[in-house]
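Peer 1: Just passing along the structure, written as structure tokens.
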Amino acid sequence: MALADLPLSPLERAFVDSLQRLDPQADDAVLAAAALCCQVLAEGDVCLPLGRRAGKPAWPEADAGFVLPPLAAWRAHLEASPLVARPGEFAPLILDRDRLYLARYHAYESQLAERLLTRAADRPEVDETLLADSLARLFARNTQSPDWQRLAAAQAVRRRLAVISGGPGTGKTTTVVRLLAALLEQRGGESLAIGLAAPTGKAAARMAEAIRNAKAELPVSEAIKAALPEEARTLHRLLGSRGDSPQVRHDASNPLPLDVLVVDEASMVDLALMAKLLAALPPAARLILLGDKDQLAAVEAGAVFAELCEGRGFDARAAADLQRLTGQPVPVEKPRSKLGDAVVLLTHSHRFAGDSGIGELARRINAGDAKGTQALLRENRADLAWNAHPTPAGLLERLDAGYAPYLAAARQGDPGAAFAAFNTFRALTAQREGPWGVAGINEALEARIKRRLGLASRERWYPGRAVMVRQNDYALGLFNGDIGLCLPTSNGLRVFFEGEDGYRPFAPARLPSHDSAFAMTVHKSQGSEFAEVLLALPEQPSPLLTRSLFYTGITRAKRKVEIWALAPRLSEAVNTRAERAAGLAERLGVPPAASAEPVAPAPPKPVDPAAKGQLDLF
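Residue numbering for the sequence shown follows the UniProt record's numbering, beginning at 1 and increasing consecutively.
Here you go:
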């Protein structure tokens, strides 16, 4: 079958057509590789690993009959094409060993690695006597040994790059507030330009609020407290994004006016955005990345934060220096990455006690222990429940009961009481479509609520409707992922959103694009916490069912998690490690490692050629 007859998306077809105009003699093996580069980029991979696809049908799901050449022959086709260049040269496609990249993404990855290594190798001047005193005072209440919060703070002050990873409740925000105070004490009262940022408006607002709350109890002077920042911005706003253009206002030629930048929820930052961020940061500035390496990666291409956390460790010299400075025992582990001791993992959870079922479940999921996961769920722990024989009708009944206290509170019209009730219970799903997806669950539950209220099915707004904003609206101060609750007021129905100074009401007609939000995807729940979580997994096998999705979903719960899933789906989720094709970790010095664990293929999804970032090719 000819390439022209294959089921390419509009974006893939447009890209292939542009390459054919550049080289009318281009053969199908090269053009197929180009189309696949577009496809895998849309699915989250940074590059096309030739070895995984060579000799196989290019589009097996379409039964198209187009089989890719064996690896050696495919490489020969690519190396002979003027459309393909080697690293350091320019062409629309870059062949780097057995990885094929779109040129822009090869530049993002290679430049990001170079800037990270340069920053990690730089050691600013530090008064270690003063630092030791600051750390002892700021972390005096910590009783863990080793105290990884104190060690992370020490490294962040002594390095221009710090990567701090930890699960829910491990104190990432607490750590960063204290290390910023230690940095300010190093300056002897001289001010620092400190920036706080996060990938989404919701995450930025939560970070700012957490820092405002945490700094009040710091054992430091009022001048130091006053110098700590209280506002955070989205990364796009920080960099000065320009609509649908890949260019931003701040770059290497126009750097950010910052001495320190703290980025929260860094696991949600994709490769392109992280590369632009490093390019815009002044060489002398400190960069502190906070996140959870085990959570779901960014929606766009790349799993940068997880790759940065690979190969962490302290060699004997670094461990001895850090132990002398902090008084903490530091385990010696030879780092396998050139970032090495710039990466610190927080391990002690203040949210989940030692006997916590949720905490133990998270550990077994991350260890890939499917049998142990199911055995734990059968123990009837107080904070764990498992429905191993779920039905859509049963799920609907459970959600109706779960949201009943919230709907009762919503009818009273008090925003504070309504939000408190809504955050006690939340339904999470793996996917958007189907009876076990966000759309199906919200539609079925809302139909039941409307029947109870005597409303017509076409009526969109009613007391208690919960919505999630889908796009940023800076004029209204509403951001993608913000939750609003529709409540009765003396002026009719209004949708309330949480704000810094209380609750902000909006007429329903003023809202930007939004969806109902009784159920939300695990992806959208990242960074949020709920008292109880019900996690519903689909009945059929799905590439979305991965270890990181399962872990992220269950750790949104503070008090109890309830899982509705067939036993085979649980095992698939625990056993399947999501892996995105990329070369960043290797560029940072991590040796490639073969794994026997199943790797989830990227889930297929439609590609919108007008979507932001998807035309950002070469």
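Cβ coordinates follow ideal geometry from the N, Cα and C atoms, glycine included.
#1: Spatial neighbours of residue 645 within its chain, please: CB distance less than 7 Å, with the 5 preceding and 5 following residues excluded, ordered by chain position.
#2: Assign residue 15 to one of two classes, buried (16 or more other C-beta atoms within 10 Å of its C-beta) or exposed (fewer than that).
#3: Is residue 498 helix, strand or coil by DSSP?
#4: Hey, could you find the ends of the alpha helix (DSSP H) residue 460 is sitting in?
#5: Give me the Cβ distance between residue 547 and residue 581, rounded to the nearest whole Å; I'm assuming they're in contact under 8 Å.
#6: What whole-angstrom Cβ distance do residue 479 and residue 201 have, given they're in contact under 8 Å?
#7: With distances taken from CA atoms, which of 509, 361, 325 is nearest residue 127?
#8: At the level of alpha carbons, what is the spacing between residue 414 and residue 487?
#9: Return helix, strand or coil for residue 15, following the three-state DSSP convention.
#10: Taking 7 Å as the cut-off, decide whether the C-beta atoms of residue 328 and residue 146 are in contact.
#11: Alpha carbon to alpha carbon, what distance is there between residue 558 and residue 216?
#12: Could you pull out every unbroken beta strand (DSSP E) segment of at least 3 residues lying fully inside the segment 189-218, listed in chain order?
#13: Here's a check: name, in chain order, each residue in its chain whose Cβ is nearer than 7 Å to the Cβ of residue 472, leaving out the five neighbours to either side.
#14: Note down the Cα distance separating residue 562 from residue 429, rounded to an integer number of angstroms.
#15: Among 159, 437, 490, 576, whose alpha-carbon lies nearest the alpha-carbon of residue 516?
#16: Helix, strand or coil: which one does DSSP assign to residue 177?
#17: Hey, is the segment 295-307 in contact with the segment 271-283, meaning 3+ C-beta pairs nearer than 8 Å?
#18: Going by the DSSP bridge assignment, what does residue 467 pair with across the sheet?
#19: Would you report the Cα separation of residue 196 and residue 22, rounded to the nearest angstrom?
#20: Considering only C-alpha positions, which residue in the set 309, 101, 347, 183 is nearest to residue 86?
#21: Measuring only the C-alpha atoms, how far is residue 330 from residue 322?
#22: Spatial neighbours of residue 419 within its chain, please: CB distance less than 7 Å, with the 5 preceding and 5 following residues excluded, ordered by chain position.
#23: Could you say which of 53, 361, 12, 55 lies nearest to residue 41 if we only look at CA atoms?
#24: Measure the C-alpha to C-alpha separation of residue 172 and residue 45 and round it to an integer number of angstroms.
#25: Which value, in whole angstroms, describes the spacing of the CA atoms of residue 54 and residue 70?
#26: Would you tell me roughly how many angstroms separate the C-alpha atoms of residue 617 and residue 107, rounded to the nearest one?
#27: Along the chain, where does the beta strand (DSSP E) containing residue 141 start, and where does it finish?
#28: Residues bridged to residue 105 by DSSP?
#29: Ignore the nearest five residues each way along the sequence and tell me which others in residue 84's own chain have a CB closer than 6 Å to its CB.
#30: Let me check understanding here. Comparing Cα to Cα, which of 341, 568, 425, 267 lies closest to residue 389?
#31: Here's a check: name, in chain order, each residue in its chain whose Cβ is nearer than 6 Å to the Cβ of residue 288, leaving out the five neighbours to either side.
#32: Please name the residue in 405, 441, 566, 152 whose C-alpha comes closest to that of residue 386.
#33: Near residue 105, what residues of its chain come up, given a Cβ to Cβ distance below 6 Å and the 5 sequence neighbours on each side ignored?
#34: Rounded to the nearest angstrom, what separates residue 434 and residue 518 at their Cα positions?
#35: Work out the CA separation of residue 26 and residue 507 for me, nearest whole Å.
#36: Which one of 450, 310, 332 has the shortest CA to CA distance from residue 317?
Peer 2: From the atom records:
#1: No answer is possible for residue 645: the residues shown for the chain start at 1 and end at 618.
#2: In the sequence shown, residue 15 corresponds to position 15, counting from 1. The residue is buried, with at least 16 neighbouring Cβ atoms inside 10 Å.
#3: Sequence index remark: in the sequence shown, residue 498 carries index 498 (1-based). If DSSP states are grouped into helix, strand and coil, residue 498 belongs with the strands.
#4: Taking the sequence shown and counting its residues from 1, one reaches residue 460 at position 460. From DSSP, residue 460 is part of no alpha helix (DSSP H); its letter is neither H nor E.
#5: Against the sequence shown, residue 547 aligns to sequence position 547. Against the sequence shown, residue 581 aligns to sequence position 581. 17 Å between Cβ atoms; not a contact.
#6: The residue given as residue 479 occupies position 479 in the sequence shown. The residue given as residue 201 occupies position 201 in the sequence shown. The Cβ separation is near 3 Å, so the contact holds.
#7: Along the sequence shown, one-based indexing puts residue 127 at 127. Residue 127 has its Cα closest to that of 325, out of 509, 361, 325.
#8: The residue given as residue 414 occupies position 414 in the sequence shown. The residue given as residue 487 occupies position 487 in the sequence shown. Their Cα atoms are separated by approximately 8 Å.
#9: Here the question's residue 15 lines up with position 15 in the sequence shown. Annotated three-state conformation of residue 15 is helix, per DSSP.
#10: Position 328 of the sequence shown, counting from 1, holds the residue named residue 328. Position 146 of the sequence shown, counting from 1, holds the residue named residue 146. In this structure, residue 146 lies closer than 7 Å to residue 328 by Cβ.
#11: By one-based count along the sequence shown, residue 216 stands at place 216. By one-based count along the sequence shown, residue 558 stands at place 558. Cα-Cα distance, rounded: 24 Å.
#12: 194-198
#13: Here residue 472 corresponds to residue number 472 of the sequence shown, with the count starting at 1. Closer than 7 Å at the Cβ level, and outside the excluded window around residue 472, lie 201, 479, 480.
#14: Here residue 562 refers to the residue found at position 562 when the sequence shown is read from its first residue. Here residue 429 refers to the residue found at position 429 when the sequence shown is read from its first residue. The straight-line gap from Cα to Cα measures roughly 12 Å.
#15: Taking the first residue of the sequence shown as 1, we reach residue 516 at position 516. Considering only alpha carbons, the answer is 437.
#16: Start at 1 with the first residue of the sequence shown, and residue 177 comes out as number 177. Helix.
#17: Per the Cβ contact rule, the segment 295-307 is in contact with the segment 271-283 (3 or more Cβ pairs under 8 Å).
#18: By one-based count along the sequence shown, residue 467 stands at place 467. DSSP, once it has assigned bridges, lists 484, 516 as partnering residue 467.
#19: Here residue 196 corresponds to residue number 196 of the sequence shown, with the count starting at 1. Here residue 22 corresponds to residue number 22 of the sequence shown, with the count starting at 1. Rounded to the nearest angstrom, the two C-alpha atoms are 44 Å apart.
#20: The sequence position of residue 86 within the sequence shown is 86, counting from 1. Among 309, 101, 347, 183, the Cα nearest to that of residue 86 belongs to 101.
#21: As a working mapping, residue 330 is identified with position 330 in the sequence shown. As a working mapping, residue 322 is identified with position 322 in the sequence shown. Cα to Cα, residue 330 sits roughly 7 Å from residue 322.
#22: On the sequence shown, residue 419 is found 419 positions in, with the first residue counted as 1. Excluding sequence neighbours, residue 419 sits near 485, 498.
#23: Numbered from its first residue, the sequence shown carries residue 41 at position 41. The shortest Cα separation from residue 41 among 53, 361, 12, 55 belongs to 12.
#24: The residue given as residue 172 occupies position 172 in the sequence shown. The residue given as residue 45 occupies position 45 in the sequence shown. One C-alpha to the other measures close to 28 Å.
#25: Mapped onto the sequence shown, residue 54 falls at position 54. Mapped onto the sequence shown, residue 70 falls at position 70. Looking at the two C-alpha atoms, the distance is approximately 5 Å.
#26: The sequence position of residue 617 within the sequence shown is 617, counting from 1. The sequence position of residue 107 within the sequence shown is 107, counting from 1. With a pLDDT of only 48 at residue 617, under the threshold of 50, the placement of this residue in the model should not be trusted; the figure read from the coordinates follows. Taking the straight line joining both Cα atoms gives about 11 Å.
#27: Position 141 of the sequence shown, counted from the start, is the residue given in the question as residue 141. That residue, residue 141, is in no beta strand (DSSP E); it is neither H nor E in DSSP.
#28: The residue given as residue 105 occupies position 105 in the sequence shown. None, per the DSSP bridge assignment.
#29: The sequence position of residue 84 within the sequence shown is 84, counting from 1. Cβ within range, chain order: 78, 91, 93, 95.
#30: Along the sequence shown, one-based indexing puts residue 389 at 389. The shortest Cα separation from residue 389 among 341, 568, 425, 267 belongs to 568.
#31: Walking along the sequence shown from the start, residue 288 turns up at place 288. Closer than 6 Å at Cβ, skipping near neighbours: 156, 162, 262.
#32: Position 386 of the sequence shown holds residue 386. Of 405, 441, 566, 152, the residue nearest in Cα terms is 566.
#33: If you number the sequence shown from 1, residue 105 lands on position 105. Cβ neighbours of residue 105 beyond the five flanking positions: 46.
#34: To locate residue 434, count along the sequence shown from 1; it is residue 434. To locate residue 518, count along the sequence shown from 1; it is residue 518. Answer to the nearest angstrom: the Cα atoms are 15 Å apart.
#35: As a first step, residue 507 is located in the sequence shown; it is residue number 507 there, counting from the start. As a first step, residue 26 is located in the sequence shown; it is residue number 26 there, counting from the start. Their backbone Cα atoms lie some 56 Å apart in a straight line.
#36: Residue mapping note: residue 317 aligns to position 317 of the sequence shown, counting from 1. Checked all of 450, 310, 332; the closest Cα to residue 317 is 332.
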